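So the structure is just underneath, and the comments pick up after that.
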Amino acid sequence: MKSGNQCLSLLVAVSLYVLINFIVGNFRFQWDLTASRQHSISNTTREKLRGLESPVTIRYYASVGENTMPYDLRVYGDKVEYFLDILEQEGRGNIEVIRYDPKPGSDAEETANFDSITSNFNRNQGRFYFGLSVSCLDRKVKIPFLHPDREGLLEYDMLQAIDTVTNQNRKTIGILSALPVMGGEYSNERGEGVFPPWLFIKELQRSYDVASYDKDIGALQTVPPDLLIIMHPVGYGEPVMREVDQYIANGGKVIVMLDPYSGAIEMINPSLQREFMSSDFRKLLNAWGVHYNSVEVVADMNLRSEVDRGFGPETLHTVLDIPQRYIHKEDPITAGINILGFPYAGHFWPAPSMAGRIIPLVSTSKVVSTVKSDELFRISREKNETLLKSFEPDGRRRVIVAKLLGELGSAYPETERNFTAEPDASQVILFADADFVFDPFAGETVQLSESEATLKPYNGNLALFSNAVDHLIGEDVLLAARGKGAVRYPLVGLSDIKLDIEGQYDEQRLIIQKQLQDLEDKLVVISKEEQEKDTNQFIENKKVLNQLLAERDKAEDDLVAIERQIDYALQQVKNRYQWANTLTVPLIVLLVGAIIIYRRNSHSRAR
Numbered sequence: 001m002k003s004g005n006q007c008l009s010l011l012v013a014v015s016l017y018v019l020i021n022f023i024v025g026n027f028r029f030q031w032d033l034t035a036s037r038q039h040s041i042s043n044t045t046r047e048k049l050r051g052l053e054s055p056v057t058i059r060y061y062a063s064v065g066e067n068t069m070p071y072d073l074r075v076y077g078d079k080v081e082y083f084l085d086i087l088e089q090e091g092r093g094n095i096e097v098i099r100y101d102p103k104p105g106s107d108a109e110e111t112a113n114f115d116s117i118t119s120n121f122n123r124n125q126g127r128f129y130f131g132l133s134v135s136c137l138d139r140k141v142k143i144p145f146l147h148p149d150r151e152g153l154l155e156y157d158m159l160q161a162i163d164t165v166t167n168q169n170r171k172t173i174g175i176l177s178a179l180p181v182m183g184g185e186y187s188n189e190r191g192e193g194v195f196p197p198w199l200f201i202k203e204l205q206r207s208y209d210v211a212s213y214d215k216d217i218g219a220l221q222t223v224p225p226d227l228l229i230i231m232h233p234v235g236y237g238e239p240v241m242r243e244v245d246q247y248i249a250n251g252g253k254v255i256v257m258l259d260p261y262s263g264a265i266e267m268i269n270p271s272l273q274r275e276f277m278s279s280d281f282r283k284l285l286n287a288w289g290v291h292y293n294s295v296e297v298v299a300d301m302n303l304r305s306e307v308d309r310g311f312g313p314e315t316l317h318t319v320l321d322i323p324q325r326y327i328h329k330e331d332p333i334t335a336g337i338n339i340l341g342f343p344y345a346g347h348f349w350p351a352p353s354m355a356g357r358i359i360p361l362v363s364t365s366k367v368v369s370t371v372k373s374d375e376l377f378r379i380s381r382e383k384n385e386t387l388l389k390s391f392e393p394d395g396r397r398r399v400i401v402a403k404l405l406g407e408l409g410s411a412y413p414e415t416e417r418n419f420t421a422e423p424d425a426s427q428v429i430l431f432a433d434a435d436f437v438f439d440p441f442a443g444e445t446v447q448l449s450e451s452e453a454t455l456k457p458y459n460g461n462l463a464l465f466s467n468a469v470d471h472l473i474g475e476d477v478l479l480a481a482r483g484k485g486a487v488r489y490p491l492v493g494l495s496d497i498k499l500d501i502e503g504q505y506d507e508q509r510l511i512i513q514k515q516l517q518d519l520e521d522k523l524v525v526i527s528k529e530e531q532e533k534d535t536n537q538f539i540e541n542k543k544v545l546n547q548l549l550a551e552r553d554k555a556e557d558d559l560v561a562i563e564r565q566i567d568y569a570l571q572q573v574k575n576r577y578q579w580a581n582t583l584t585v586p587l588i589v590l591l592v593g594a595i596i597i598y599r600r601n602s603h604s605r606a607r
């Protein structure tokens with residue numbers, strides 16, 4: 001009887017297991033625990049899909065038969081399938097997904113070629129396809145190859161394609177720039193040639209019409225763009241500023257990107273570096289109530305980065321890696337962005353007479369100071385080390401990116417104001433750096449074929465810039481999805497602990513570094529005087545020299561000791577975490593086992 005009950009219980013358990021698996025297998029359920037919600041769609045994406053008014057067709061091409069695709073692409077294909085199912089579900093009948101397996105010589109392959117999907121070759125299995133096409137009415141957008149390097153941007157790419165084919169009115173973005181962002185010819189030590197538009201321009205062209213206004217500034221009034229981008233305005237005189245002032249007075253939206261030291265010019269054409277080093281827009285900034293120093297570069301020891309400029313890695317405190325803790329988390333422009341890179345950035349601060357408000361979007365830490373841009377001109381490794389040693393923070397955070405709210409003043413009395421801004425509305429976003437969207441600092445092009453390429457971002461720079469564009473122009477639907485594309489996720493907890501530990505020694509370290517610099521200066525003076533003095537004076541100088549050298553050695557030893565103390569304290573923290581991770585699971589297992597044994601013994605005693 002007891003054996004029969006056990007068999008019946010086992011049969012019921014197996015039946016329940018099969019039934020639950022059958023039911024669950026017909027539902028797609030996923031619990032996304034990632035901080036940036038990498039494996040689930042954002043609320044704005046969901047709202048966009050549910051608000052579609054016209055049917056959208058997605059043709060998905062994946063050579064899944066006979067394992068033609070490489071293994072890593074097949075794994076990525078599972079995620080693509082998952083997202084397509086979500087899009088179809090959230091579209092509520094307005095999104096249709098058609099799946100194709102383009103075998104060689106098949107009708108599916110012919111359809112893939114018609115949609116211009118990239119044909120790839122697997123050395124072991126032959127030709128394969130992995131891309132999609134999105135169409136609505138007579139409009140069509142393709143993603144010729146779903147590159148795994150853009151996995152974090154999968155939701156963004158799909159949503160942008162849907163938005164492009166369903167949005168009938170493409171808006172126009174105007175460009176005013178002293179930098180060759182639209183592409184053109186170059187000339188440097190390596191030779192001459194033609195280069196394509198910068199990556200951020202290509203990204204803008206996916207959603208907007210982009211036009212340069214440099215050669216026809218009067219068109220700002222006759223054919224005004226929906227948004228104007230002013231980038232590194234070197235040599236722009238009164239006529240340009242008057243037109244921009246009137247454009248804003250008419251309700252125009254503007255992104256201003258200034259730079260105290262342009263690294264892009266140094267790479268593109270070093271012979272023009274002095275002439276195009278720094279930019280300013282002082283007259284309009286003063287009218288808006290914003291201060292900016294065109295010859296000050298922000299230097300931050302907490303946000304310093306390691307850079308190889310061709311002669312080995314070195315620390316640059318003027319090239320900043322900015323983690324999420326210094327990025328505005330609540331503003332839609334910066335929400336979701338976790339890492340930014342700003343080379344040689346300036347800073348803004350409000351004037352007492354400012355009529356509106358300034359909202360900091362990206363800031364520095366308090367361990368910050370400034371460096372004159374002239375000191376960075378073709379700076380040597382030795383000069384950079386001198387700047388690091390002489391660094392003295394002033395404790396005042398610097399604002400690198402800001403949004404201006406409310407009414408903006410006019411720089412010219414004759415400007416006719418035909419627009420009244422709302423107190424919480426923004427017409428202008430300011431960047432104290434223009435290089436951060438330059439290709440080497442923002443991302444790289446991944447070539448898919450001879451005619452097709454895609455973008456692999458290094459950080460959140462392009463996402464930040466594109467978000468600023470979309471926010472001002474009124475197209476906020478892509479903001480949340482775009483922020484997931486940064487490829488680096490810093491270990492914020494450990495880095496914060498390291499910064500706190502270093503902060504405890506900052507004052508001692510800076511005092512010693514200052515002593516070292518003073519000693520070096522005295523040693524240089526003594527060395528020059530030795531050749532000009534008599535024998536007695538030479539002996540006296542020799543004693544002083546030996547004393548200075550001894551003091552320098554002691555200061556260097558003290559500095560090394562501080563670094564060792566920092567490393568030791570950090571290692572102690574790491575050890576505590578490692579022991580906690582190592583012991584937690586066994587302790588939980590032991591605790592659960594002890595509870596089970598205790599309960600079993602309790603039942604036995606009760607019987």
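Quick note on the UniProt record's numbering: the sequence shown kicks off at 1 and runs consecutively.
Beta carbons: idealized from backbone N, C-alpha and C, even for Gly.
Keep in mind it's a predicted model, so treat the numbers as computed, not measured.
The DSSP-derived three-state label of residue 302 is coil. Closest in alpha carbon position to residue 458, among 586, 441, 465, is 441. Relative to residue 565, the option among 602, 286, 545, 501 whose CA is nearest is 501. Closest by C-alpha distance to residue 505, out of 542, 455, 460, 563, is 563.
Taken through DSSP and simplified to helix, strand or coil, residue 43 comes out as helix.
Cβ atoms of residue 559 and residue 512 come within 8 Å of each other, at about 5 Å. Of all alpha-carbon atoms in 242, 53, 119, the one lying nearest the alpha-carbon of residue 414 is that of 242. Here DSSP, grouped into helix, strand and coil, assigns residue 598 to helix.
Leaving aside the five residues that flank residue 116 on each side, the residues in its chain whose CB is nearer than 7 Å to its CB run, in chain order, 142, 144. The three-state reading of DSSP puts residue 242 in helix, counting H, G and I together. Here DSSP, grouped into helix, strand and coil, assigns residue 332 to coil. Residue 303 is a Cβ neighbour of residue 364, given a cutoff of 8 Å. One Cα belongs to residue 561, the other to residue 151, and the distance between them is close to 44 Å.
Using a C-beta cut-off of 8 Å, the stretch 512-523 makes contact with the stretch 540-553, since at least three inter-stretch Cβ pairs fall below that distance. Under the DSSP definition of a beta bridge, residue 399 partners with 348, 363. When DSSP states are grouped into helix, strand and coil, residue 120 belongs to the strand group. Here residue 62 carries a strand assignment [DSSP, helix/strand/coil]. Excluding the 5 residues flanking it on each side, residue 73 has same chain C-beta neighbours closer than 6 Å at 130, in chain order.
Rounded to whole angstroms, residue 572 and residue 322 show a C-alpha spacing of 26 Å.
In this structure, DSSP gives residue 379 a state outside helix and strand, which the three-state scheme calls coil. Per DSSP, residue 83 lies in no beta strand (DSSP E); the unbroken alpha helix (DSSP H) holding it starts and ends at 71-91.
Between residue 65 and residue 460, the alpha-carbon positions lie close to 37 Å from each other. For residue 203, the uninterrupted alpha helix (DSSP H) run begins and ends at 199-205, by DSSP. Between the C-alpha atoms of residue 68 and residue 112 there is a straight-line separation of about 16 Å. Of all alpha-carbon atoms in 356, 377, 368, the one lying nearest the alpha-carbon of residue 391 is that of 368.
Taking residue 240 as reference, the option from 411, 19, 58 with the minimal CA-CA separation is 411. According to the DSSP assignment, residue 319 belongs to the beta strand (DSSP E) that extends over 319-323. In its chain, beyond the 5 residues on either side, no residue has a beta carbon closer than 7 Å to the beta carbon of residue 238. Burial is judged here by how many other beta carbons sit within 10 angstroms of a residue's own beta carbon; residue 173 has at least 16 and is buried. Residues of the same chain with a CB within less than 8 Å of the CB of residue 262, apart from the 5 flanking positions on each side, are 179, 232, 273, 276, 277, 278, 279, 344, 434, 435 in chain order.
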